[in-house]
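Visitor: This is the structure I want to talk about, given as structure tokens.
There are 2 protein chains.
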Amino acid sequence: MRRRGSSKGRALDLIRSQGPISRVELAEITGLTQATISNLVRELLADGVVSETGRGESSGGKPRMRLEINPASRFGVGVDLGADSSTFVVADLAGTIIGRLGIDGPGALGPADYVRRMADDLAHLLDGLDIDRAAVVGLGIAAPGPIDREAGVIVGAPSLAAWSEFPLTAELSRLTGFSCVLDNDATAAALGEFWLGATEVGSTYASVYMGTGIGAGIVFDGTVYRGSRSNVGELGHVSVDARGPECPCGNRGCVELYAGPHAVIARAREAAASGGIDLEFTGVAAADFAAVAEAAITGHPLALALIEDSAEYLAEAIVSLVNIIDLDHLVLAGSAFEKVGAIYVRTIQHIVGERALSRHLQHVSVRMSVNGTDAAALGAATMVLQEQLSPRSLQSVTLA
Amino acid sequence: MRRRGSSKGRALDLIRSQGPISRVELAEITGLTQATISNLVRELLADGVVSETGRGESSGGKPRMRLEINPASRFGVGVDLGADSSTFVVADLAGTIIGRLGIDGPGALGPADYVRRMADDLAHLLDGLDIDRAAVVGLGIAAPGPIDREAGVIVGAPSLAAWSEFPLTAELSRLTGFSCVLDNDATAAALGEFWLGATEVGSTYASVYMGTGIGAGIVFDGTVYRGSRSNVGELGHVSVDARGPECPCGNRGCVELYAGPHAVIARAREAAASGGIDLEFTGVAAADFAAVAEAAITGHPLALALIEDSAEYLAEAIVSLVNIIDLDHLVLAGSAFEKVGAIYVRTIQHIVGERALSRHLQHVSVRMSVNGTDAAALGAATMVLQEQLSPRSLQSVTLA
DNA sequence: GGCCTTTCTTCGGTGGCTAAATAAAGCAAT
DNA sequence: ATTGCTTTATTTAGCCACCGAAGAAAGGCC
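See below:
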């Protein structure tokens, strides 16, 4: 039985994530022979994506050569496309962000106009960086779902309703000249987490992504799980009260109605109206939520209660997620966790540890993403890097 | 990139599920060349698991040979181990049940004694069948989770609490001489559904299994998804009211408390106590639920309301499942659906069609398992057949 | 019969891997 | 310095599953 993914890609993954590493270690980890590794590494060296950087300490015989990723050999561009704002990042092969640009969301702009603006902004961003344009392998787009990944269209995001007919990847590809791929923002964040080696390979984990909506990306053994149509992990529309209020999505009692930024803001507005808290609201969800979060960590008890309440509801949905897909790790990412991530981590860890069915068998670890707010954009960038350099897939493998 | 699973196994899968099929068709479906298929088929013929059964209709040239599975060449034994009752089935390679035996559950018997009884009963069952003992490839055990699949132990099933330290597969293997594997009952049911060809390969689907508990088995592209520790799909402990009553599992508002057989029985008992319905209760969950179900389909409005209520709650949990893992198909299996499956199918189809987030992108089909009540036992039998004849796995594939 | 079509098999050849032999690079004892 | 030992890296031959092309077999049609 063969493994999925090319061995070359796997070797590259290891060199990237396990830092300076020798051929012998690669052979041990992969189970391939030293001969095979030697050949694969030769190709990687020829491709320029890996370099030999001195020798390791001698262990009695010939010292092993240290292999390292060559960060500047390839670059990926990622964009986190959101209603309120979008973020571009340019990442090198090591996953380091070498360029970043935040722009306003589409607002009143139609998709066609906004995409033109994106292409312009990206061109400027790249012009300002001293990198070889030919080393940029592509553009990854992270967007809130539901999406049609094959078609490259955001089909059903409530916050981007006008985009449901717009050929997003096709247009961006035409305007930028890059090959473009679209994926769910939570999925992109999860992939970025794996790419940066912060999660051990071989484990099953999910990212919980909260921007203005809530999503989950699932990574199984280094491979993104996309389900039947890439619309996996709509955690925000897991119900925490099946007989609760109706959600615009059609379901009832969706956790987003209780834990999502919009819900937190709405309650904070109520509190403000009745004088319980002193906050100004801009009408931009991300900014308003940040204001509540800021109040919470600076000790305002009411704001803190709102955030803790949100964390509890989110944790309750996560318990269902864990009971359904049996996770090892959980990683929180997205702008909503920027200030108050620690509160969410603590609450979720506590509730999952108390309520998940398999809690006696295994400990589900919960922590913040190493990539913070840029997790989705960076994940989108790594997506194109991965697709180019170490393709792997569960989806494309058909049994018959 | 190679596919997972041996090509030989894939060819066998196709011959089994696609009925009489020619080499040319196999080549078309698998994408392998006719030459390769010819070689694989030769091996399968030599193994005796496949036979040539006459020629197909001529299409102008040499008529194609029809290949069929040789059902009597291998057999698998499966047992659905439950608290109230257990069921053995002996299945041939075509998935036909050629022997079946229902026995009482452990009751007051300890695991060691019950396992001895199981071994005896199985021996009798096999003695009564005219099959070559050497053609039996193994024994699959389906049990309610949580389980430790590697260790072969039922670690946390509330209804089988006494078994949490008992080396189940080791003991059964010692007593029967068969190689034993343990899996979740819902997972087994899902696998059985795939094995019998009732679900097209390449699709993502889940079985919802309701015996006395509620579980879900997830099959992705012909391969069982086992998560990190095989404790995937604990649908019964998905919450439908996060602030609802406490469940013995530690969570709150688990759907099992609303939709599970125990819940239905409890409400029926209340109704009976207040004279609303005339039913006798035995104290055995399966029988009592069957009585309520019987009343429901024979037109008793209160019983019908109870069942419909259960179906609605279950459907609400399923919406969360669908939103999380993006399914194509849903299959209902397990004893609870024996009489009232149609009601559940209708209700679930309706609610999922109305509430699932991706409902505009795809239609999630809902239907009863082709294997009915024996789905888990038959699935367990197919599990060992599959492991022997067409091994495949997501879990054992490690990236590093 | 001869000819065409379609099915199935045989026969080199290739890619990705392995195992085993060999080359290279260091340390240590003499 | 030379010899020996250890460990690392590369080369070599060979295996295995597969492919492509050519051939053999089995039918229909003229």
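Residue numbers (my numbering), protein chains in the order written: chain A, 776 to 1175; chain B, 776 to 1175.
Cβ atoms here follow ideal geometry from the backbone N, Cα and C, with glycine treated the same way.
Quantities reported herein were computed from a predicted structural model and do not represent experimental measurements.
#1: Over what stretch of residues does the beta strand (DSSP E) that includes SER861 (chain A) continue unbroken?
#2: Please confirm if SER1014 (chain A) has its CB atom under 7 Å from at least one CB of chain B.
#3: Nearest to ALA1061 (chain A) by alpha carbon, out of A:TRP938, A:GLU1045 and A:PHE1112?
#4: Name the chain A residues that come within less than 7 Å of GLU1091 (chain B), Cβ to Cβ?
#5: Taking the alpha-carbon of GLU975 (chain A) as reference, which of A:ARG791, A:LEU1160, A:GLN1163 and A:LEU1164 has the nearest alpha-carbon?
#6: Using a threshold of 7 Å, state whether the C-beta atoms of VAL1067 (chain B) and ALA1078 (chain B) are closer than that.
#7: Can you check which of these residues, A:SER1165, A:ALA883, A:LEU1164 and A:MET1158, is closest to VAL864 (chain A) by C-alpha distance?
#8: Measure from the C-beta of GLN1137 (chain B) to each C-beta in chain A and report whether the shortest distance is under 7 Å.
#9: For ASP923 (chain B), return the contacting residues in chain A, with the cut-off set at a CB-CB distance below 8 Å.
#10: Give the secondary structure of GLU1064 (chain B) by DSSP, where H, G and I count as helix, E and B as strand, and everything else as coil.
#11: Along the beta strand (DSSP E) that carries THR979 (chain B), what are the first and last residues, could you check?
#12: Looking at the secondary structure, which residues open and close the beta strand (DSSP E) in which ASN959 (chain A) lies?
#13: Based on the DSSP output, what are the partners of ARG1027 (chain A) in its beta bridges?
#14: Is the Cβ of GLU1009 (chain A) closer than 7 Å to any Cβ of chain B?
#15: Where MET776 (chain B) and ILE916 (chain B) are concerned, what is the direct C-alpha to C-alpha distance, given to the nearest angstrom?
#16: Determine whether the Cβ of VAL1094 (chain A) lies closer than 7 Å to any Cβ atom of chain B.
#17: Drop a sphere of 10 angstroms on the beta-carbon of ARG949 (chain B), count the other beta-carbons inside from all chains shown, and report buried for 16 or more, exposed for fewer.
#18: Chain A partners of LEU815 (chain B), CB-CB under 7 Å?
#19: May I ask you to report which of helix, strand or coil DSSP gives GLY1147 (chain B)?
#20: Please list the terminal residues of the continuous alpha helix (DSSP H) segment that includes PHE1112 (chain B).
#21: Strictly below 7 Å CB to CB, what residues from chain A border VAL930 (chain B)?
#22: Starting from LEU842 (chain A), follow its DSSP beta bridges and name the residues at the other end.
#23: If you measure from the beta carbon of GLY1002 (chain B) to each beta carbon in chain A, is any gap under 7 Å?
#24: Could you spell out where the beta strand (DSSP E) holding LEU1105 (chain B) opens and where it closes?
#25: What did DSSP end up calling VAL1039 (chain B) once you bin it into helix, strand or coil?
#26: Count Cβ pairs between the stretch 1019–1028 of chain B and the stretch 941–961 of chain B that sit closer than 8 Å; are there 3 or more?
#27: I need the DSSP call for ALA926 (chain B), collapsed to helix, strand or coil.
#28: Can you tell me where the alpha helix (DSSP H) with VAL1059 (chain A) in it begins and where it stops?
#29: Using CA coordinates, which residue listed in A:LEU1102, A:VAL825, A:LEU901 and A:VAL1039 is at the minimum distance from TYR1000 (chain A)?
#30: Can you give me, in chain order, the residues of the stretch 897–921 of chain B that have a beta carbon less than 7 Å from any beta carbon in chain A?
#31: So which residues on chain B does ARG791 (chain A) lean against when the C-beta distance must stay under 9 Å?
#32: Skipping 5 residues on each side, what residues in its chain have a beta carbon closer than 8 Å to that of VAL1022 (chain B)?
#33: Rounded to whole angstroms, what is the Cα-Cα separation between ALA926 (chain A) and ILE873 (chain A)?
#34: For GLY986 (chain A) and ALA1071 (chain B), what's the separation of their Cα atoms in angstroms?
#35: Is GLY967 (chain A) near ALA821 (chain A), with beta carbons less than 7 Å apart?
#36: Report yes or no: is there a C-beta of chain A within less than 7 Å of the C-beta of SER1133 (chain B)?
Guide: Let me spell this out:
#1: As a first step, residue 861 (chain A) must be located in the first sequence, where it is residue number 86. Per DSSP, the unbroken beta strand (DSSP E) holding SER861 (chain A) starts and ends at 860–867.
#2: As a first step, residue 1014 (chain A) must be located in the first sequence, where it is residue number 239. Output row for SER1014 (chain A): interface = yes.
#3: Here the question's residue 1061 (chain A) lines up with position 286 in the first sequence. Among A:TRP938, A:GLU1045 and A:PHE1112, the Cα nearest to that of ALA1061 (chain A) is on A:PHE1112.
#4: For the purposes of this step, residue 1091 (chain B) is taken as the residue at position 316 of the second sequence. By Cβ distance, chain A contributes SER1014 and ALA1017.
#5: For the purposes of this step, residue 975 (chain A) is taken as residue 200 along the first sequence, with counting starting at 1. For the residues A:ARG791, A:LEU1160, A:GLN1163 and A:LEU1164, the minimum Cα distance to GLU975 (chain A) belongs to A:ARG791.
#6: Taking the second sequence and counting its residues from 1, one reaches residue 1067 (chain B) at position 292. Taking the second sequence and counting its residues from 1, one reaches residue 1078 (chain B) at position 303. Against a cut-off of 7 Å, the Cβ pair of ALA1078 (chain B) and VAL1067 (chain B) comes out as a contact.
#7: Taking the first sequence and counting its residues from 1, one reaches residue 864 (chain A) at position 89. Residue A:MET1158 is the option with its Cα nearest to VAL864 (chain A).
#8: In the second sequence, residue 1137 (chain B) corresponds to position 362, counting from 1. It does; some Cβ of chain A falls within 7 Å.
#9: The sequence position of residue 923 (chain B) within the second sequence is 148, counting from 1. Result: LEU1136.
#10: Counting from 1 along the second sequence, the entry for residue 1064 (chain B) is found at position 289. Looking at the sequence itself, residue 1064 (chain B) is Phe, so the reference to Glu does not match. Residue state, collapsed to three classes: helix.
#11: Position 204 of the second sequence, counted from the start, is the residue given in the question as residue 979 (chain B). Looking at the DSSP string, the run of the beta strand (DSSP E) that includes THR979 (chain B) is 979–985.
#12: For the purposes of this step, residue 959 (chain A) is taken as residue 184 along the first sequence, with counting starting at 1. Element bounds for ASN959 (chain A): 955–959.
#13: Taking the first residue of the first sequence as 1, we reach residue 1027 (chain A) at position 252. In DSSP, ARG1027 (chain A) forms a bridge with A:GLU1021.
#14: In the first sequence, counting from the first residue as 1, residue 1009 (chain A) sits at position 234. At least one CB of chain B lies nearer than 7 Å to the CB of GLU1009 (chain A).
#15: Along the second sequence, read from residue 1 onward, the residue named residue 776 (chain B) stands at position 1. Along the second sequence, read from residue 1 onward, the residue named residue 916 (chain B) stands at position 141. Only weak support is given to the placement of MET776 (chain B): the predicted model assigns it a pLDDT of 34, under 50, and the value that follows is read from those uncertain coordinates. Straight-line Cα distance between these residues: approximately 34 Å.
#16: Taking the first sequence and counting its residues from 1, the one referred to as residue 1094 (chain A) is at position 319. Yes, VAL1094 (chain A) counts as interfacial toward chain B.
#17: Taking the second sequence and counting its residues from 1, one reaches residue 949 (chain B) at position 174. Exposed: under 16 other Cβ atoms inside 10 Å.
#18: Locating residue 815 (chain B) in the second sequence gives position 40, where the first residue counts as 1. Simply none; closest approach about 14 Å.
#19: Taking the first residue of the second sequence as position 1, residue 1147 (chain B) is located at position 372. GLY1147 (chain B): helix per DSSP, three-state reduction.
#20: Your numbering for residue 1112 (chain B) matches position 337 in the second sequence. For PHE1112 (chain B), the enclosing alpha helix (DSSP H) stretches over residues 1112–1130.
#21: Working through the second sequence from its first residue, we reach residue 930 (chain B) at position 155. Simply LEU1136.
#22: Here the question's residue 842 (chain A) lines up with position 67 in the first sequence. DSSP lists A:ILE796 and A:GLU827 as partners of LEU842 (chain A).
#23: Sequence index remark: in the second sequence, residue 1002 (chain B) carries index 227 (1-based). Yes, its Cβ sits closer than 7 Å to a Cβ of chain A.
#24: The residue you call residue 1105 (chain B) lines up with position 330 of the second sequence. Per DSSP, LEU1105 (chain B) belongs to the beta strand (DSSP E) from 1104–1108.
#25: Sequence index remark: in the second sequence, residue 1039 (chain B) carries index 264 (1-based). Here VAL1039 (chain B) sits in helix by DSSP.
#26: With a cut-off of 8 Å on Cβ pairs, the stretch 1019–1028 of chain B is not in contact with the stretch 941–961 of chain B, counting fewer than three such pairs.
#27: Here the question's residue 926 (chain B) lines up with position 151 in the second sequence. It is coil, neither helix nor strand.
#28: Sequence index remark: in the first sequence, residue 1059 (chain A) carries index 284 (1-based). That residue, VAL1059 (chain A), is in no alpha helix (DSSP H); it is neither H nor E in DSSP.
#29: Your numbering for residue 1000 (chain A) matches position 225 in the first sequence. Of the candidates A:LEU1102, A:VAL825, A:LEU901 and A:VAL1039, the one whose C-alpha sits nearest the C-alpha of TYR1000 (chain A) is A:LEU1102.
#30: PRO921
#31: Counted from its first residue, the first sequence places residue 791 (chain A) at position 16. Ordered by position in chain B, no residue passes the 9 Å Cβ test against ARG791 (chain A), which lies about 11 Å from the chain.
#32: What you label residue 1022 (chain B) is simply residue 247 of the second sequence in a count that begins at 1. Looking at the sequence shown, residue 1022 (chain B) is not Val but Cys. If we look at CYS1022 (chain B) and ignore the five residues flanking it on each side, its Cβ neighbours are HIS1012, GLY1028, CYS1029, GLU1031 and LEU1032.
#33: Position 151 of the first sequence, counting from 1, holds the residue named residue 926 (chain A). Position 98 of the first sequence, counting from 1, holds the residue named residue 873 (chain A). Those two C-alpha atoms are separated by around 30 Å.
#34: Residue numbering aside, residue 986 (chain A) sits at position 211 when the first sequence is read from its first letter. Residue numbering aside, residue 1071 (chain B) sits at position 296 when the second sequence is read from its first letter. Near 46 Å, if we compare the C-alpha coordinates of ALA1071 (chain B) and GLY986 (chain A).
#35: As a working note, residue 967 (chain A) is residue 192 in the first sequence. As a working note, residue 821 (chain A) is residue 46 in the first sequence. For GLY967 (chain A) and ALA821 (chain A), no; Cβs fall outside 7 Å.
#36: For this step, residue 1133 (chain B) is matched to residue 358 along the second sequence. Yes, contact with chain A.
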